[in-house]
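See structure below.
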Amino acid sequence: MRQPEPEPQSFDRVLSSMCTEPHPDASAAAERFLATNPGDPATYESVAELEARAVEGLARLADHPAPADAAGYVTSGGTEANIQAVRSARNRHRGSEGGRDAAAVNVVAPESAHFSFTKAAALLDVELRTVPLDDGYRADTDAVAAAVDDTTALVVGVAGSTEYGRVDPIPELAAIADEAGARLHVDAAWGGFVLPFTDRDWSFADAPVDTLTIDPHKFGQAPVPSGGLLAREDAALDALAVDTPYLETRSQATLTGTRSGAGVAGAVAAMDALWPDGYREAAERAADNADWLAEGLADRGYDVVEPELPLVAADVPEPTFAALRDAGWKVSRTGAGELRVVCMPHVTRSTLRAFLDDLDRIRR
Ligand code: 0PR
Numbered sequence: 001m002r003q004p005e006p007e008p009q010s011f012d013r014v015l016s017s018m019c020t021e022p023h024p025d026a027s028a029a030a031e032r033f034l035a036t037n038p039g040d041p042a043t044y045e046s047v048a049e050l051e052a053r054a055v056e057g058l059a060r061l062a063d064h065p066a067p068a069d070a071a072g073y074v075t076s077g078g079t080e081a082n083i084q085a086v087r088s089a090r091n092r093h094r095g096s097e098g099g100r101d102a103a104a105v106n107v108v109a110p111e112s113a114h115f116s117f118t119k120a121a122a123l124l125d126v127e128l129r130t131v132p133l134d135d136g137y138r139a140d141t142d143a144v145a146a147a148v149d150d151t152t153a154l155v156v157g158v159a160g161s162t163e164y165g166r167v168d169p170i171p172e173l174a175a176i177a178d179e180a181g182a183r184l185h186v187d188a189a190w191g192g193f194v195l196p197f198t199d200r201d202w203s204f205a206d207a208p209v210d211t212l213t214i215d216p217h218k219f220g221q222a223p224v225p226s227g228g229l230l231a232r233e234d235a236a237l238d239a240l241a242v243d244t245p246y247l248e249t250r251s252q253a254t255l256t257g258t259r260s261g262a263g264v265a266g267a268v269a270a271m272d273a274l275w276p277d278g279y280r281e282a283a284e285r286a287a288d289n290a291d292w293l294a295e296g297l298a299d300r301g302y303d304v305v306e307p308e309l310p311l312v313a314a315d316v317p318e319p320t321f322a323a324l325r326d327a328g329w330k331v332s333r334t335g336a337g338e339l340r341v342v343c344m345p346h347v348t349r350s351t352l353r354a355f356l357d358d359l360d361r362i363r364r
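In this text, residue positions in the sequence shown follow full-length UniProt numbering: the first is 1, and each later residue adds one.
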């Protein structure tokens, strides 16, 4: 007998996800390219062209000094991009992929770095040196400076941290990396599509960022799987390339072989539809919603971590959290146990009103 088809998760009560409903143009484009493989660009030429457009679009978002010359590719997500950034820096530090002195390479990252860096370090046999945060949940630059040495291949900065939405002091981290002879990777997997519309005293154009993670399938409103790895120089990708003897293209710098053409086409269609006005509007709406929710939670007596990028954390007791989950709210917690609400584009003001109404009902 045929099983009933499960329905996909509705976004109505999803406050925990860093993904969102794709833009309709992006879904349509993804569907058209379902059977293509950007991993074989000599066979699937049109999706290869689209991938070049995706990289240029991401580079423009990231304020790359010359978007058309940016190196990069569309990954399966932030995890792959982060793994590849670590691998590239490791290989460049050692001089090659096979390289000498494997044990001596390390990566210095703030405690807020996503767990994908733990995977990268384990896979690549590099030491991950995690350093504490400052009082504002950002990388403590003194601690980073103390942790680097001449075996440091990479310093990681996070621009939009998973737990608190914080942006690390990127120019300071760049200076520390530079002085240590290390490279700088910025993980803007989630924050990358919001950062262009926030007040900052730095941009990727003036901080020497070597590699950057920026995921269309998060705030970019593209379908899963669509992540992004950008590099300032071709050499960063060259350090990842392996020979591909039987393909018409001679080498491949990606981690996976067959890749999602849907993810590539979806990313391009989303950026065509939304850059810059649609993304600006989404970012501003999300920021207003985060501020509004933070205020609402503070008014109710909770300890709230002021949002920087649109993510709100608040010290809500465990039984209340459990009751919210029971009421159907998809909410999650920080490592320290705070309620965490990610104000993605699908999270509207009326959703948040209903959420606070339920919270009030639970508190009574
Ligand atoms: N870097 C940062 C800053 C991230 O927040 C994440 C994912 C990654 C890298 C890894 O990205 P991929 O998951 O694309 O490999 N952050 C969320 C997390 O791990 C991802 C997420 C997305 C979680 C949707 C839940 C969800 O429903 O919590």
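Glycine included, each C-beta is placed from N, C-alpha and C at the ideal position.
Check for me: the alpha helix (DSSP H) holding residue i runs from which residue to which?
i, result
"Tyr279", "277-299"
"residue 447", "Here the chain has residues from 1 to 364 only, and residue 447 is not among them."
"Thr320", "318-326"
"Phe185", "A small correction: the amino acid at residue 185 is His; Phe does not occupy that position in the sequence shown. His185 -> not in any alpha helix (DSSP H); beta strand (DSSP E) instead, spanning 183-187."
"Ala205", "From DSSP, Ala205 is part of no alpha helix (DSSP H); its letter is neither H nor E."
"Thr141", "141-147"
"Arg90", "78-94"
"Ala52", "45-61"
Compute the minimum distance between the beta carbon of residue i and the heavy atoms of ligand 1, and state whether it is under 7 Å.
i, result
"Cys343", "no"
"Thr244", "no"
"Ser17", "yes"
"Trp202", "no"
"Ala189", "yes"
"Asp12", "no"
"Asp168", "no"
"Ser46", "no"
"His114", "yes"
"Ser260", "no"
"Asp215", "yes"
"Ser251", "no"
"Thr79", "yes"
"Thr162", "yes"
Should residue i go down as buried or exposed, given a rule of 16 or more other Cβ atoms within 10 Å for buried?
i, result
"Leu124", "buried"
"Leu34", "exposed"
"Arg166", "buried"
"residue 413", "Since the first residue of the chain shown is 1 and the last is 364, residue 413 is not available in this structure."
"Val242", "exposed"
"Pro4", "exposed"
"Arg325", "exposed"
"Thr162", "buried"
So, using beta-carbon positions, are residue i and residue j closer together than 8 Å?
i, j, result
"residue 366", "Val14", "Within the shown structure, residues of the chain are numbered from 1 to 364, placing residue 366 beyond reach of any answer."
"Ser116", "Tyr137", "no"
"Pro67", "Glu56", "yes"
"Leu128", "Val158", "no"
"Ile170", "Ala207", "yes"
"Gly228", "Thr249", "no"
"Pro310", "Val148", "no"
Tell me where the beta strand (DSSP E) around residue i begins and ends.
i, result
"Pro110", "106-110"
"Arg232", "Counting along the chain, Arg232 falls outside any beta strand (DSSP E), and DSSP gives it neither H nor E."
"Tyr124", "Note that residue 124 is Leu in the sequence shown, not Tyr. Taken as a continuous stretch (DSSP letters only), Leu124 belongs to no beta strand (DSSP E), being part of the alpha helix (DSSP H) at 116-124."
Would a check of beta-carbon distances place residue i closer than 8 Å to chain B?
i, result
"Leu123", "Absence of chain B from the displayed structure is noted, only one protein chain being present."
Report task. Pair every Cβ in the stretch 20-35 with every Cβ in the stretch 356-364, then say whether three or more of these pairs are closer than 8 Å. Result -> The stretch 20-35 vs the stretch 356-364: no contact.
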